[in-house]
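Protein chains in written order, with my numbering: chain A, 20 to 326; chain B, 509 to 604.
Where is the CB? At the ideal position from N, CA and C, for every residue including glycine.
Please read the structure below before turning to the comments.
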């Protein structure tokens with residue numbers, strides 16, 4: 020149960036999946052666990068849906084840990100799920116949001132990679148699919164979306180950590196999300212959580228051309244980061260993927276933005292580089308807590324700016 | 509299970525476009541089996557590279573030869589991973 024669960028620790032996939040069941044059981048009128056498909060190696064992929072009723076209401080999507088080695092992302096996803104459940108009914112703003120909107124949270128966006136990073140290679144980033152004709156496995160699931168697919172900032176080499184894969188949405192883990200988002204048809208915001216380097220980004224990554232709503236997204240991002248920084252003073256940069264890091268094609272938020280989901284963002288959580296992907300577990304809760312302030316700020320903006 | 513004994517993560521605070529090009533050349537060289545945690549982009553963003561122990565001398569020599577300043581961010585990656593693993597096992601036991 021959430022009372023005995025240690026949110027300040029890293030956990031295996033089985034433990035997280037089991038904990039999800041406990042969360043659903045504790046909040047039966049708010050949280051459901053829905054299977055959106057299976058991974059390449061046959062693991063179920065579960066999304067937590069926070070809803071107070073109705074079908075296909077306007078919704079906000081949050082996923083964490085599409086790059087498996089970025090462990091603080093998945094840990095933040097777990098903490099966030101618990102926060103949403105426990106704040107509902109006590110936090111007026113979140114409660115009002117959930118009266119009209121749903122939140123979907125995919126804590127383990129790359130289950131095979133996550134397990135592989137726990138059991139075989141802590142530094143594993145990609146999926147685990149086999150690449151015909153190559154000794155190397157896996158596709159970078161954040162180069163696999165149908166948005167400038169195969170363009171700059173993605174590799175054609177299956178051995179590269181940024182290999183884009185044979186075709187757009189070739190990775191079942193990506194396809195599962197694509198199917199859900201398309202079938203739902205009413206997502207207003209799509210937020211993807213990565214680590215590290217402390218950035219809040221918006222489209223585009225595959226081109227350095229400004230998105231149509233760049234100014235608004237920049238403003239929303241800066242407001243969110245201001246909230247985030249207010250807790251522990253963590254400094255974030257805000258900007259488009261291309262301008263703030265580097266050109267990277269085939270990314271998820273570019274695809275969602277082009278699909279019409281205006282409020283598409285990607286986080287890079289702590290740290291600035293002292294530990295990188297090996298962020299100590301004692302930083303999970305501070306990281307998740309500050310991220311929540313930013314997430315909530317974005318969600319409130321989305322709620323108040325329907326389109 | 510893959511181990512990272514003696515692997516280091518080094519940080520380069522890039523000072524010029526020339527250094528970015530040199531680091532990109534390093535990134536494309538597969539011989540040293542480098543894992544770029546943060547890629548060479550511009551002078552405002554640092555570059556973090558996990559360097560296998562077998563390539564440490566060569567990579568550091570390369571950087572020094574090109575007058576690229578660097579610092580060691582993680583001196584032995586496996587030590588940190590061992591600590592992480594021990595902590596996870598301990599947490600797992602205490603939950604039970």
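- request: Using a Cβ cut-off of 8 angstroms, pull out every chain B residue sitting near residue 296 (chain A), in sequence order please.
  value: Residue mapping note: residue 296 (chain A) aligns to position 277 of the first chain, counting from 1. Neighbours of residue 296 (chain A) on chain B, chain order: 545.
message: Just checking: is the beta-carbon of residue 556 (chain B) within a distance shorter than 9 angstroms of some beta-carbon in chain A?
response: Numbered from its first residue, the second chain carries residue 556 (chain B) at position 48. Chain A, which has a Cβ nearer than 9 angstroms to the Cβ of residue 556 (chain B), makes this yes.
field: Strand pairing of residue 327 (chain A), partner residues [DSSP]
entry: In the structure as shown, chain A starts at 20 and stops at 326, and residue 327 (chain A) therefore has no counterpart that could be examined.
Nonlocal neighbours in the same chain, by C-beta distance under 8 angstroms from residue 46 (chain A), ignoring five residues either side: For this step, residue 46 (chain A) is matched to residue 27 along the first chain. Excluding positions up to five away in sequence, the list reads 104, 107.
- prompt: From residue 67 (chain A) to residue 48 (chain A), what does the alpha carbon distance come to, in whole angstroms?
  reply: Mapped onto the first chain, residue 67 (chain A) falls at position 48. Mapped onto the first chain, residue 48 (chain A) falls at position 29. It is roughly 13 angstroms from the alpha-carbon of residue 67 (chain A) to the alpha-carbon of residue 48 (chain A).
task: Please confirm if the stretch 179–186 of chain A is in contact with the stretch 152–170 of chain A, defined as three or more CB-CB distances below 8 angstroms between the two stretches.
output: Yes, the stretch 179–186 of chain A is in contact with the stretch 152–170 of chain A.
- request: Mind checking which residues open and close the beta strand (DSSP E) that includes residue 213 (chain A)?
  value: On the first chain, position 194 is the one that residue 213 (chain A) refers to. Going by DSSP, residue 213 (chain A) is part of the beta strand (DSSP E) stretching over 206–214.
- request: Let me know if residue 282 (chain A) comes out buried or exposed under the rule of 16 or more other beta-carbons within 10 Å of its beta-carbon.
  value: Taking the first residue of the first chain as position 1, residue 282 (chain A) is located at position 263. Counting the other Cβ atoms within 10 Å of the Cβ of residue 282 (chain A) gives 16 or more, which makes it buried.
- prompt: Apart from the five residues on each side of it in sequence, which residues of its chain come closer than 6 angstroms, Cβ to Cβ, to residue 521 (chain B)?
  reply: Here residue 521 (chain B) refers to the residue found at position 13 of the second chain. Counting only Cβ-Cβ distances below 6 angstroms, and skipping sequence neighbours, we find 554.
- request: For residue 519 (chain B), go through chain A and note every residue whose CB falls closer than 7 angstroms to its CB, in chain order.
  value: Within the second chain, the letter at position 11 stands for residue 519 (chain B). Ordered by position in chain A, the residues that pass the 7 angstroms Cβ test against residue 519 (chain B) are 292.
message: Against chain B, which members of the stretch 133–149 of chain A pass a CB distance test of less than 8 angstroms?
response: Only those residues of the stretch 133–149 of chain A whose C-beta falls short of 8 angstroms from the nearest C-beta of chain B are listed: 138, 139, 140, 141, 142.
- prompt: At which residues does the alpha helix (DSSP H) containing residue 33 (chain A) begin and terminate?
  reply: Taking the first residue of the first chain as 1, we reach residue 33 (chain A) at position 14. Unbroken alpha helix (DSSP H) run through residue 33 (chain A): 32–45.
message: So if DSSP puts residue 156 (chain A) in a beta bridge, which residue, or which two residues, is it bridged to?
response: Position 137 of the first chain, counted from the start, is the residue given in the question as residue 156 (chain A). A:149.
Contacts around residue 301 (chain A), its chain only, beta-carbon distance under 7 angstroms, and the 5 residues preceding and following it disregarded: The count along the first chain starts at 1 and reaches residue 301 (chain A) at position 282. Spatial neighbours of residue 301 (chain A) in its own chain (CB-CB distance under 7 angstroms, excluding positions within 5 residues in sequence) are listed in chain order as 27.
message: Rounded to whole angstroms, what is the Cα-Cα separation between residue 244 (chain A) and residue 257 (chain A)?
response: Position 225 of the first chain holds residue 244 (chain A). Position 238 of the first chain holds residue 257 (chain A). If I take the Cα positions, the gap works out to 8 angstroms.
Sequence ranges, alpha helix (DSSP H) only - wholly within the stretch 553–581 of chain B, length at least 4: Counting only runs of 4 or more, we get 564–573.
Where residue 121 (chain A) falls: helix, strand or coil (DSSP): By one-based count along the first chain, residue 121 (chain A) stands at place 102. Residue state, collapsed to three classes: strand.
query: Applying the criterion that 16 or more other CB atoms from any shown protein chain within 10 Å of the CB defines a buried residue, is residue 565 (chain B) buried or exposed?
result: In the second chain, the residue the question calls residue 565 (chain B) occupies position 57. Classified as exposed, residue 565 (chain B) has fewer than 16 neighbouring CB atoms from the shown chains inside 10 Å of its CB.
field: Rounded separation between residue 41 (chain A) and residue 236 (chain A) - CA only
entry: Sequence index remark: in the first chain, residue 41 (chain A) carries index 22 (1-based). Sequence index remark: in the first chain, residue 236 (chain A) carries index 217 (1-based). Near 36 angstroms, if we compare the C-alpha coordinates of residue 236 (chain A) and residue 41 (chain A).
task: Can you give me the start and stop residues for the beta strand (DSSP E) that residue 545 (chain B) sits inside?
output: Counted from its first residue, the second chain places residue 545 (chain B) at position 37. From DSSP, the beta strand (DSSP E) with residue 545 (chain B) extends over 543–546.
task: Flag residue 622 (chain B) as yes if its beta-carbon sits less than 9 angstroms from any beta-carbon of chain A, otherwise no.
output: What is shown of chain B runs 509 to 604, which leaves residue 622 (chain B) out entirely.
query: Do residue 532 (chain B) and residue 545 (chain B) have their C-beta atoms within less than 9 angstroms of each other?
result: Along the second chain, one-based indexing puts residue 532 (chain B) at 24. Along the second chain, one-based indexing puts residue 545 (chain B) at 37. Residue 532 (chain B) is not a Cβ neighbour of residue 545 (chain B), given a cutoff of 9 angstroms.
Neighbouring residues, chain A, relative to residue 498 (chain B) (Cβ below 9 angstroms): Any property of residue 498 (chain B) remains undetermined from this structure, which presents chain B solely from 509 to 604.
field: Stretch-stretch touch, CB-based, cutoff 8 angstroms, three pairs: the stretch 91–98 of chain A with the stretch 302–309 of chain A
entry: Per the Cβ contact rule, the stretch 91–98 of chain A is in contact with the stretch 302–309 of chain A (3 or more Cβ pairs under 8 angstroms).
task: Compare the C-beta of residue 585 (chain B) against all C-beta atoms of chain A and say whether one is closer than 9 angstroms.
output: By 1-based counting over the second chain, the position of residue 585 (chain B) is 77. Taking CB atoms only, residue 585 (chain B) has a neighbour in chain A less than 9 angstroms away.
query: Near residue 207 (chain A), what residues of its chain come up, given a Cβ to Cβ distance below 8 angstroms and the 5 sequence neighbours on each side ignored?
result: Counting from one through the first chain, the residue named residue 207 (chain A) turns up at place 188. Cβ within range, chain order: 77, 78, 79, 120, 280, 281, 282, 321, 325, 326.
Buried versus exposed, by CB contacts within 10 Å (16 or more), residue 287 (chain A): Mapped onto the first chain, residue 287 (chain A) falls at position 268. With 16 or more other CB atoms across the displayed protein chains lying within 10 angstroms of its CB, residue 287 (chain A) is buried.
- request: Quickly, what does DSSP pair residue 241 (chain A) with across the bridge? List them, please.
  value: Counting from one through the first chain, the residue named residue 241 (chain A) turns up at place 222. By DSSP's assignment, residue 241 (chain A) forms no beta bridge with any residue.
message: For residue 518 (chain B), list the residues DSSP reports as bridge partners.
response: On the second chain, position 10 is the one that residue 518 (chain B) refers to. Looking at the DSSP assignment, residue 518 (chain B) forms a beta bridge with B:557, B:580.
task: Could you tell me which of A:136, A:172, A:114 sits nearest to residue 72 (chain A), measuring between CA atoms?
output: Here residue 72 (chain A) is taken as the residue at index 53 of the first chain, counted from 1. It is A:114.
message: Which residues in chain A have a C-beta closer than 9 angstroms to the C-beta of residue 509 (chain B)? List them in chain order.
response: Counted from its first residue, the second chain places residue 509 (chain B) at position 1. The CB of residue 509 (chain B) comes closer than 9 angstroms to the CB of 138, 139, 140, 141 in chain A, given here in chain order.
- prompt: What's the C-alpha gap between residue 298 (chain A) and residue 196 (chain A)?
  reply: Position 279 of the first chain holds residue 298 (chain A). Position 177 of the first chain holds residue 196 (chain A). Whole-angstrom Cα-Cα distance: 27 angstroms.
task: Determine the DSSP secondary structure at residue 64 (chain A), reduced to helix, strand or coil.
output: For the purposes of this step, residue 64 (chain A) is identified with residue 45 of the first chain, where counting begins at 1. Residue state for residue 64 (chain A) is assigned as strand, using DSSP reduced to three classes.
- prompt: Are the C-beta of residue 512 (chain B) and some C-beta of chain A separated by less than 9 angstroms?
  reply: What you label residue 512 (chain B) is simply residue 4 of the second chain in a count that begins at 1. It does: the Cβ of residue 512 (chain B) has a partner Cβ on chain A nearer than 9 angstroms.
- request: Consult DSSP for residue 220 (chain A) and reduce its assignment to one of helix, strand or coil.
  value: Residue mapping note: residue 220 (chain A) aligns to position 201 of the first chain, counting from 1. Three-state result, residue 220 (chain A): strand.
message: Judging by CA-CA distance, which residue of A:129, A:50, A:51, A:75 is the nearest neighbour of residue 59 (chain A)?
response: Numbered from its first residue, the first chain carries residue 59 (chain A) at position 40. Residue A:129 is the option with its Cα nearest to residue 59 (chain A).
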